[in-house]
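Taken in sequence, the protein lines are chains A and B.
Mapping of the first sequence onto this note's numbering: residues 197 to 521, in sequence order.
Mapping of the second sequence onto this note's numbering: residues -10 to 410, in sequence order.
Taking it in order: structure first as structure tokens, then the write-up.
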Amino acid sequence: MIGVISYLVFFSTVAAILAIAVLGLNLQWGNTGLFNGGVVAFFGAGAYATLIFGGTPQEGQLGGFALPYPLALLGGMFVAGVMAWIVGILTLRLRHDYLAIATFGVAVAFENLMRNAEALAGGAQGLRGFERPLFDALGGGLAYNSLFLICVLVLLLAVYVFLERLIRSPFGRLLRAIREDETAARSLGKNPARIRLTSFITGSVIMGMSGGLYGTFYAFISPQDVLPILTFQIWAMLIVGGAGNNRGAVAGAFLIWGAWTASGWALSRFAPQEVQLYTGSVQFILIGFVIVGMLLWRPQGLFEEKLVVSQQGRTATKELQGDRR
Amino acid sequence: MKKHMRNTSIAVGLAAGLTAIGGAAAAQDCTTKIGAVLPTSVDWGKPIAATAQYVVEQVNAAGGVAGCEIEMVLRDSQVDPKVGVDAAKALVDLDGVQVLLGAVSSGVSMPILTSVTAPAGVMQMSCCSSSTAFTGLAEEGKTKGLWFRTFATTGVQSAVAAMVAKDKGYKSIAILYKNDDWGQDIGKLAAADFAAVGVEVTGSVALNDGQASYRAEVTEALKGQPEAIYLALYPKEGTAAVREWISLGGTQNMIVANSLKSDEFRENVGLQYLGNTTGTDTASPRSASATRFVDQYTEHFGSAPSGPGLSNSYDATMIALLAMEAAGKDSSGEEIAAMVGKVTDPAGTPVSADAEGFAAAKEILAGGGSVFYQGATGNVRFDANGDVSAPAVTWGFSEGGIEELQYISLDEVDSFMGSLN
Chain A
197 MIGVISYLVF FSTVAAILAI AVLGLNLQWG NTGLFNGGVV AFFGAGAYAT
247 LIFGGTPQEG QLGGFALPYP LALLGGMFVA GVMAWIVGIL TLRLRHDYLA
297 IATFGVAVAF ENLMRNAEAL AGGAQGLRGF ERPLFDALGG GLAYNSLFLI
347 CVLVLLLAVY VFLERLIRSP FGRLLRAIRE DETAARSLGK NPARIRLTSF
397 ITGSVIMGMS GGLYGTFYAF ISPQDVLPIL TFQIWAMLIV GGAGNNRGAV
447 AGAFLIWGAW TASGWALSRF APQEVQLYTG SVQFILIGFV IVGMLLWRPQ
497 GLFEEKLVVS QQGRTATKEL QGDRR
Chain B
-10 MKKHMRNTSI AVGLAAGLTA IGGAAAAQDC TTKIGAVLPT SVDWGKPIAA
40 TAQYVVEQVN AAGGVAGCEI EMVLRDSQVD PKVGVDAAKA LVDLDGVQVL
90 LGAVSSGVSM PILTSVTAPA GVMQMSCCSS STAFTGLAEE GKTKGLWFRT
140 FATTGVQSAV AAMVAKDKGY KSIAILYKND DWGQDIGKLA AADFAAVGVE
190 VTGSVALNDG QASYRAEVTE ALKGQPEAIY LALYPKEGTA AVREWISLGG
240 TQNMIVANSL KSDEFRENVG LQYLGNTTGT DTASPRSASA TRFVDQYTEH
290 FGSAPSGPGL SNSYDATMIA LLAMEAAGKD SSGEEIAAMV GKVTDPAGTP
340 VSADAEGFAA AKEILAGGGS VFYQGATGNV RFDANGDVSA PAVTWGFSEG
390 GIEELQYISL DEVDSFMGSL N
């Protein structure tokens, strides 16, 4: 029984960390319509920077500043934000698929930079040397993992509440206005370019937090953690959960990560011994089924976006559309 | 007990399967699980996992471990650290394994070690992770003696390469290495080893996979006008890089790592350019049990073991199971890890790497003796950091294929490596 609890704590920690990243993407895509194809770059920037700020000195490597954990995490978020600012200024004039390709390129470049910059990021070997606070004091087992889970859940809740308030505020309405019709928003005297950049940076800072938590949970990060597959996983979580709905984003993270891991577990347990070698490939098929099935039967995701549109607003939109025709 | 009840169905299925094979092993009434996290969804990962399974079959045929049938629960790592770590955690927490085999990539093995096996006191034995970061972690005491790997090539190979350069009297050398964790490691180690024997390193250049041309990198390496070149590359980039190297007038004095020990490389570059090439490799050991490994593998799988990590995977699994046997029934990961020295003890009785060897080891261990496992990768011997040394060979290309030039025994390798520090 204790084993089951221990595993569930571990699973929930990773799922909750990923959920934070999905929330960040939901602000960018679900609410602002920014197709970020390079989630993993901002996630990775947060992870690497947190480990550099919070880690102990390693031979021949930058970092080892051994800052207190909260400061290191904030530093990671800051670096992710700065990176988003630079990337945003360069790319946010691009629309949809162009933005997706540009940000995807940024993510690939980021991974390559980390793989090669040995002095900065440890190269292909990755970055280690982070001392987990209270890890030894709590024996490193279930007690530590539970404490870490509580911290992650608190942060997840904080991000969730923050985003819920944000999208209900006038600023949130502005984001959706830009998503739906940028020209109309501009005609009302808004500056879409600046708002898009703000949303992009905010979302990326949240992804950076997720990355910082991820890196410190394992006390290790390597280029293998920032491969494009992670961007795909986070997107799948958002699509399945329901883009535009924060509750959906969190649910999607738990559901997809659950399907991802549970399929492997179930196959190892129930598949006959002779086919055990092939379960890895079968697992990919199962995961694909879940995602395709969701898209076919519930394309809006588990939780639909709740559109709050006032009566006058709706008429106005119709008139606008009529004018355009 | 609880563990056994939960798995009754599997045990029954297994027992049925084994009865079908006709093994006498079905008589055991208990099952001990070990875990394996290997990249089975990747083409080169499957044979590594199949080899581990094969060892488990052999051991079960020899009566299992400490009177119990071994069941290896295999999980796919997908070469994704998150997935591999989760799989390892599930194996440790849900299946209660005390021994975990894996992973292959260092980037997956490392987070498993730091966040699953070391905190839980489970022994982790990797066939193939090459990163020197593990040695650093072990030196800091963070692996708690629970970490082992049977992959020896990096340090041994770079040392042997330095030995070759010294024997041939090269004064200067340039290094081209593959840009991944293995390549970065061996590139760095080789540079240090060449310097230690007094060969000047004129440049060290990384090559990324899958590029159409390596002209820029090769030109960079040519700049220092080295007398020889050291290649830690895989055949595909290796072929492309060497073609450009020679066409730009680079030297044909080459020292290459075992990754280029391939007919593909020999044919695509052309033998006329490879006459002065010396390769290094950890040796196919000179014991009967090593040739036995090749023979029994060929017999079992219908083809000779070719592909990375197979003999390493065989040894990793066999040593883990021998240590479990030595530690006795229901031992913890720590107790099993403590027994690894006892089954790889140079003063012990040599046993071969097969079912009979395991059966023989059982008797010796039961009698209180220690065992010297003669593995598929050589006489495996772990140091305090869980790293292995191994005998080595040098080889060259010839008309007929690949020929061995010189065998360097484990003692020679060890003393030479000692002289480098």
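From the three backbone atoms N, C-alpha and C, an ideal C-beta is built for every residue, glycine too.
Asked	Found
Cβ-based contacts, 9 Å cut-off: residues of the region 406 to 440 of chain A near chain B	Tyr410, Phe413, Tyr414, Ala415, Phe416, Ile417, Ser418, Pro419, Gln420, Asp421, Leu423, Ile425, Leu426 and Gln429
Three-state secondary structure assigned by DSSP to Tyr414(A)	helix
Near-chain A residues of the region 385 to 397 of chain B - C-beta to any C-beta below 9 Å	none
C-beta neighbour in chain A for Gly34(B), strict 9 Å	yes
Close Cβ partners of Val45(B) (< 6 Å) along its chain, the five nearest in sequence each way excluded	Ile59 and Met61
Which listed residue (Gln173(B), Thr139(B), Val111(B) and Glu288(B)) has its alpha carbon closest to that of Thr132(B)	Val111(B)
Check whether Arg64(B) and Ala41(B) have beta carbons under 9 Å apart	no
Residue burial classification, Ile10(B) (beta-carbon count within 10 angstroms, cutoff 16)	No answer about Ile10(B) holds up, because its pLDDT of 42 lies below 50 and its placement is not dependable.
Amino acids of chain B, ordered along the chain, whose beta-carbon sits closer than 8 Å to that of Glu314(A)	Gln173
Residue from Val402(B), Gly375(B), Gly390(B) and Leu409(B) whose Cα sits closest to the Cα of Ser118(B)	Gly375(B)
For Glu393(B), the first and last residue of its enclosing beta strand (DSSP E)	Gly390 to Ile397
Within chain B, the residues that Gln472(A) reaches when beta carbons sit closer than 9 Å	Thr29, Ala38, Gln42, Met61, Val62 and Leu63
Span of the beta strand (DSSP E) around Phe361(B)	Val360 to Tyr362
Interface positions of the region 239 to 260 of chain A facing chain B (Cβ-Cβ less than 7 Å), listed along the chain	none
Distance, Ile397(A) Cα to Asn442(A) Cα	18 Å
Chain A contact for Glu58(B) (CB, 9 Å cutoff)	no
Coarse secondary structure for Cys116(B), derived from DSSP in three states	coil
Proximal residues of chain B, C-beta to C-beta of Ala303(A) below 7 Å	Within chain B, no residue comes near Ala303(A); the closest Cβ sits about 16 Å away, beyond 7 Å.
For Val218(A), the nearest candidate out of Val486(A), Ser406(A) and Arg311(A) (CA to CA)	Ser406(A)
C-beta neighbour in chain B for Val200(A), strict 9 Å	yes
Residue-level contact to chain A via CB, Ala109(B), 9 Å cutoff	yes
Residue nearest to Glu226(B) in terms of C-alpha spacing, selected from Asn257(B), Val86(B), Val153(B) and Pro215(B)	Asn257(B)
Phe206(A) beta carbon near the ligand PLP (any heavy atom closer than 8 Å)	Ligands are entirely absent from the displayed structure, and the ligand PLP is therefore not among its contents.
Continuous alpha helix (DSSP H) stretch holding Met310(A): start and end	His292 to Asn312
DSSP state of Met405(A) mapped onto helix, strand, coil	helix
Per DSSP, the bridge partner or partners of Arg64(B)	Val26(B)
CB contact check: Gly85(B) to chain A, cutoff 9 Å	yes
Environment of Tyr294(A) [buried if 16+ CB atoms lie within 10 Å]	exposed
Where Phe367(A) falls, given that 16 or more other Cβ within 10 Å makes a residue buried	exposed
Beta-carbon contacts of Tyr303(B) that lie in its chain and below 7 Å, excluding the five residues immediately before and after	Thr40, Val44, Phe282, Ala342 and Ala365
Secondary structure of Trp453(A), DSSP reduced to three states	helix
Near-chain A residues of the region 87 to 102 of chain B (beta-carbon distance less than 8 Å), N- to C-terminal order	Ser94, Ser95, Gly96, Val97, Met99 and Pro100
Short-range partners of chain A found in the region 109 to 124 of chain B, where Cβ spacing is below 8 Å	Ala109, Ser120, Thr121 and Ala122
Three CB pairs or more closer than 8 Å across the region 476 to 496 of chain A and the region 90 to 104 of chain B	no
Alpha helix (DSSP H) runs contained entirely in the region 345 to 397 of chain A, provided each spans 4 or more residues	366 to 376 and 378 to 383
Beta-carbon gap between Ile423(B) and Ala122(B) smaller than 9 Å	With chain B represented from -10 up to 410, any question about residue 423(B) goes unanswered, as that position is not in the structure.
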